[in-house]
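Colleague: Residue numbers (our numbering), protein chains in the order written: chain A, 22 to 167; chain B, 319 to 776.
Using N, Cα and C, we set each Cβ at its ideal position, and we do this for glycine too.
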Amino acid sequence: MTNNKSIAETEDEIVDDFELLGEDWSEKYNHIITLGKTSPGLPENLHIEENKVRGCQSNVWLVTHTEGDRIIFEGDSDALIVKGLVALLIKVLSGHTPDEILDTPLTFIERIGLQNNLSPTRNNGLAAMIKQMRFYALAYKAKAKL
Amino acid sequence: MFYRRALFYLIAWASFHIIALILLSLLFRMSINKLGKTSKSVITNSEHTIKDTLPNLMATRDDFPILHSTVHGKPLVYFDNGATSQKPHTVIDRITKYYETENGNVHRAVHHLSELAGHAYEGARDTIKTYLNASKREEIIFVRGATEGINLVASSWGRKNLRPDDEVIISGMEHHSNIVPWQLICEERGAKLRIIPVDENGELVLDEYKKLLNENTRFVSVVYVSNGIGTINPVKEIISEAHKYNVPVLIDGCQAAPHIAIDLQDMDCDFFVFSGHKVFGPTGIGVLYGKEAYLNEMPPYQSGGDMIKTVSFEKTTFNDLPYKFEAGTPDISGAIGLATALNYVSGIGHANIAHHEKNLLVYLTDKLKAIPGMRILGEAKNKICLVSFVIEGAHPLDIGTMLDFEGVAIRTGNHCTQPLMESFGVSASCRVSLAFYNTIEEIDVFIEALNKVLRLLK
Chain A
22 MTNNKSIAET
32 EDEIVDDFEL
42 LGEDWSEKYN
52 HIITLGKTSP
62 GLPENLHIEE
72 NKVRGCQSNV
82 WLVTHTEGDR
92 IIFEGDSDAL
102 IVKGLVALLI
112 KVLSGHTPDE
122 ILDTPLTFIE
132 RIGLQNNLSP
142 TRNNGLAAMI
152 KQMRFYALAY
162 KAKAKL
Chain B
319 MFYRRALFYL
329 IAWASFHIIA
339 LILLSLLFRM
349 SINKLGKTSK
359 SVITNSEHTI
369 KDTLPNLMAT
379 RDDFPILHST
389 VHGKPLVYFD
399 NGATSQKPHT
409 VIDRITKYYE
419 TENGNVHRAV
429 HHLSELAGHA
439 YEGARDTIKT
449 YLNASKREEI
459 IFVRGATEGI
469 NLVASSWGRK
479 NLRPDDEVII
489 SGMEHHSNIV
499 PWQLICEERG
509 AKLRIIPVDE
519 NGELVLDEYK
529 KLLNENTRFV
539 SVVYVSNGIG
549 TINPVKEIIS
559 EAHKYNVPVL
569 IDGCQAAPHI
579 AIDLQDMDCD
589 FFVFSGHKVF
599 GPTGIGVLYG
609 KEAYLNEMPP
619 YQSGGDMIKT
629 VSFEKTTFND
639 LPYKFEAGTP
649 DISGAIGLAT
659 ALNYVSGIGH
669 ANIAHHEKNL
679 LVYLTDKLKA
689 IPGMRILGEA
699 KNKICLVSFV
709 IEGAHPLDIG
719 TMLDFEGVAI
729 RTGNHCTQPL
739 MESFGVSASC
749 RVSLAFYNTI
759 EEIDVFIEAL
769 NKVLRLLK
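Below, the structure written as structure tokens:
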């Protein structure tokens, strides 16, 4: 499914949504939990070792396929907050070309303030997920050149 | 006159009814309690706690500045004492005083400050010797923490004594720090690691342990109290069984030190380690106790200043115990802070601590069990006030993250005990671990917050 909005436009939308929630961090987390609950996730048979993203305290699975020159991401986690974060990343990055994914620096995490509230020591694996998605983009790009 | 009498009758009538109502409600509450409890009445138990023990221990809360903080606008409920404990004023002040008035390097110079620092540092060693009831001060080695203590023994004792096909016994409920050092040294020396199994209650299967002991066994290293599920292991029995084969035993006392009185001479272990920060002392300091005979025959672990007698480029001779194992400038302020912490704990008294924490454990366990989908991991007969649990349909990571917004600090994950968690068939759990400064009221706040979080997550 082609994403008609640019990565930056989707990021703006997400930032707007979060700004509506005000300063209360528990509200922002409630929102992420709702995103997790409503995310389709992945069927049970894809919850396998080779789809796992390393570096997370919970289990995170990520699968991809391409539609034309676009990468489609699908993901899941057994923890709701993490599943919500996966859903946010998919909303931003899925349906874009490898070049778009690799060339657009992600700003929404910092703009929402998630960076400070999701410190690396919390092991939620946000950084690991982004790295994994970029890695897929790189792999598809290399494959396209062959 | 008539009005006065009428008023009197009215008051008497009203008071009678009010008293009757109070009595009735009390009776009703008692019967409800009886209905709700299968065995002993826990509510009565907790009320007893609040009345009889809390006033003394409640006062200790004022000794800990951090306990009065707010987190996300809510009063802090600190239930992650298994990870690290909070520090009383007296420890913080002692460290400040050391740096303000006594700071010098130990065992070196002849000037006044060096003497003050040396006196305080060696005094700390004496305090620790007394606290643990060790027989000699030379047997008390300052290390960075339990991890360093275990690594020291595994590396120094293990490299000298382990041969191919020798066996080292640990248990299935060890912290990674009491698994990996033995794994590494066994691999290096061609020795084998044997594991005492854990049963479904979270207790060690001692019959299996006795079967594991044989003429090839060279060392036993076992945790006193499990950091993952709170089980208090029968260490005396474990030690005496190993001694039948002349096998030395190391006891990892990290989770025991804040909750249980330690008597090393009575326990008769050959090595004992604990970390200062878990027993209300500073981070970066811990203790390795070793019987003199073992420590004397062990080669140095690290080398440098203070651990040597004479150095020439041809040959170095090593210092006596305990300095042989304390290379470099030690954590002087840490040692002094730790001694202050142990004196503080002694002042409260282990009997008072045990009594209060037992009541907290009974109340906490009872409240947790009332939550639908609750599964407590490990319900050993002997436990410290630490409960590990999973709840159907809610991930521990989500629970821990959302509880933080309610001001409640708990631990989530595998607690550095992956094999133990796997034996319960989970990869992560929630763990609440209490200390003597925690209260029944805090448990109520935690349970209410947990229920709120579960409504959100499910």
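Using three-state DSSP, classify residue 748 of chain B as helix, strand or coil.
Modeller: strand
Colleague: By Cβ distance, which residues of its chain are closer than 8 Å to residue 371 of chain B, with the 5 residues on each side in sequence left out?
Modeller: Because the pLDDT at residue 371 of chain B is just 49, under 50, the model does not fix this residue reliably, and the value given afterwards should be weighed accordingly. Correct list, in chain order: 670, 673, 674, 677.
Colleague: Please list the residues of the stretch 35-60 of chain A that have a C-beta atom closer than 7 Å to any C-beta atom in chain B, keeping them in chain order.
Modeller: 46, 47, 50, 51, 54
Colleague: Excluding the 5 residues flanking residue 548 of chain B on each side, which residues of the same chain have their C-beta closer than 6 Å to its C-beta?
Modeller: Excluding residues within five positions, the ones whose Cβ falls inside 6 Å are 701, 702, 704.
Colleague: Report the CB separation of residue 149 of chain A from residue 119 of chain A in whole angstroms; it is logged as a contact under 8 Å.
Modeller: Not a contact, Cβ separation roughly 19 Å.
Colleague: Helix, strand or coil for residue 452 of chain B? Go by DSSP, reduced to three states.
Modeller: Three-state DSSP puts residue 452 of chain B in coil, outside helix and strand.
Colleague: Tell me the rounded alpha-carbon separation between residue 379 of chain B and residue 755 of chain B.
Modeller: 6 Å
Colleague: Got a sec: does the ligand ATP put a non-hydrogen atom nearer than 7 Å to the Cβ of residue 631 of chain B?
Modeller: For the ligand ATP, the structure offers nothing, since it holds no ligand at all.
Colleague: Quick check on DSSP: helix, strand or coil for residue 729 of chain B?
Modeller: strand
Colleague: Whose C-beta lies closer than 7 Å to the C-beta of residue 49 of chain A among residues of the same chain, with five residues either side of it excluded?
Modeller: Cβ within range, chain order: 39, 42.
Colleague: Got a sec: is the Cβ-Cβ distance from residue 149 of chain A to anything in chain B below 8 Å?
Modeller: no
Colleague: Terminal residues of the continuous alpha helix (DSSP H) containing residue 507 of chain B?
Modeller: Residue 507 of chain B -> alpha helix (DSSP H) spans 498-507.
Colleague: Would you give the residue range spanned by the alpha helix (DSSP H) that residue 530 of chain B belongs to?
Modeller: Counting along the chain, the alpha helix (DSSP H) containing residue 530 of chain B begins and ends at 524-530.
Colleague: Within the same chain, show all residues whose beta-carbon is closer than 7 Å to that of residue 719 of chain B, passing over the 5 residues directly before and after it, in chain order.
Modeller: none
Colleague: Could you pull the DSSP bridge partners for residue 604 of chain B from this structure?
Modeller: B:461, B:593
Colleague: So residue 561 of chain B is in the alpha helix (DSSP H); what residue range does that whole segment cover?
Modeller: 553-561
Colleague: Taking CB distances under 8 Å as the criterion, tell me whether residue 135 of chain A reaches chain B.
Modeller: no
Colleague: Let me confirm a value: residue 767 of chain B is counted as buried when at least 16 other C-beta atoms fall within 10 Å, else exposed. Which label applies?
Modeller: buried
Colleague: Can you give, in chain order, each stretch of the alpha helix (DSSP H) that sits fully within the stretch 82-163 of chain A and has at least 4 residues?
Modeller: 101-114, 119-124, 129-133, 135-138
Colleague: So what's residue 355 of chain B in DSSP terms, helix, strand or just coil?
Modeller: Annotation note: pLDDT 36 at residue 355 of chain B (below 50); position unreliable, no value reported.
Colleague: Give me the residue from B:583, B:588, B:604, B:667 with the minimum Cα distance to residue 611 of chain B.
Modeller: B:588
Colleague: Short of 6 Å in beta carbon distance, which residues of its chain neighbour residue 563 of chain B, apart from the five on each side in sequence? Order them along the chain.
Modeller: 531, 535
Colleague: Measure the C-alpha to C-alpha separation of residue 353 of chain B and residue 97 of chain A and round it to an integer number of angstroms.
Modeller: Residue placement at residue 353 of chain B is flagged as unreliable, the pLDDT there being 37, under the threshold of 50; a coordinate-derived value is accordingly withheld.
Colleague: Look at residue 594 of chain B and residue 656 of chain B and say whether their C-beta atoms are less than 8 Å apart.
Modeller: yes
Colleague: Based on the DSSP output, what are the partners of residue 393 of chain B in its beta bridges?
Modeller: Paired residues: B:388.
Colleague: Touching or not, the stretch 706-714 of chain B and the stretch 613-620 of chain B, by the rule of three or more beta carbon pairs under 8 Å?
Modeller: no
Colleague: Is residue 442 of chain B closer than 8 Å to residue 416 of chain B when the C-beta atoms are compared?
Modeller: Taking 8 Å as the cut-off, the Cβ atoms of residue 416 of chain B and residue 442 of chain B do not count as close.
Colleague: Is the stretch 475-484 of chain B touching the stretch 503-523 of chain B, taking contact as three or more C-beta pairs under 8 Å?
Modeller: A contact exists between the stretch 475-484 of chain B and the stretch 503-523 of chain B.
Colleague: Against chain A, which members of the stretch 700-718 of chain B pass a CB distance test of less than 7 Å?
Modeller: Cβ contacts with chain A come from 713, 715, 716.
Colleague: In three-state DSSP terms, what is residue 759 of chain B?
Modeller: helix
Colleague: Considering only residues of the same chain and omitting the five flanking positions on each side of residue 647 of chain B, which have a CB-CB separation below 8 Å?
Modeller: Once the five neighbours on either side are set aside, the close Cβ partners of residue 647 of chain B are 423, 424, 623, 624.
Colleague: In chain order, what residues of the same chain have a beta carbon less than 7 Å from the beta carbon of residue 554 of chain B, not counting five sequence neighbours either side?
Modeller: Spatial neighbours of residue 554 of chain B in its own chain (CB-CB distance under 7 Å, excluding positions within 5 residues in sequence) are listed in chain order as 585.
Colleague: For residue 368 of chain B, which residues of its own chain have a beta-carbon under 7 Å away from its beta-carbon, when the five flanking residues on both sides are left out?
Modeller: Only weak support exists for where residue 368 of chain B lies, its pLDDT of 44 falling under 50; the coordinates are left without a value.
Colleague: Tell me the start and end of each unbroken beta strand (DSSP E) in the stretch 637-724 of chain B that is at least 3 residues and wholly inside, in chain order.
Modeller: 692-695, 704-709
Colleague: Under 8 Å between the Cβ atoms of residue 395 of chain B and residue 763 of chain B?
Modeller: yes
Colleague: Distance, Cα to Cα, residue 716 of chain B vs residue 47 of chain A?
Modeller: Rounded to the nearest angstrom, the two C-alpha atoms are 12 Å apart.
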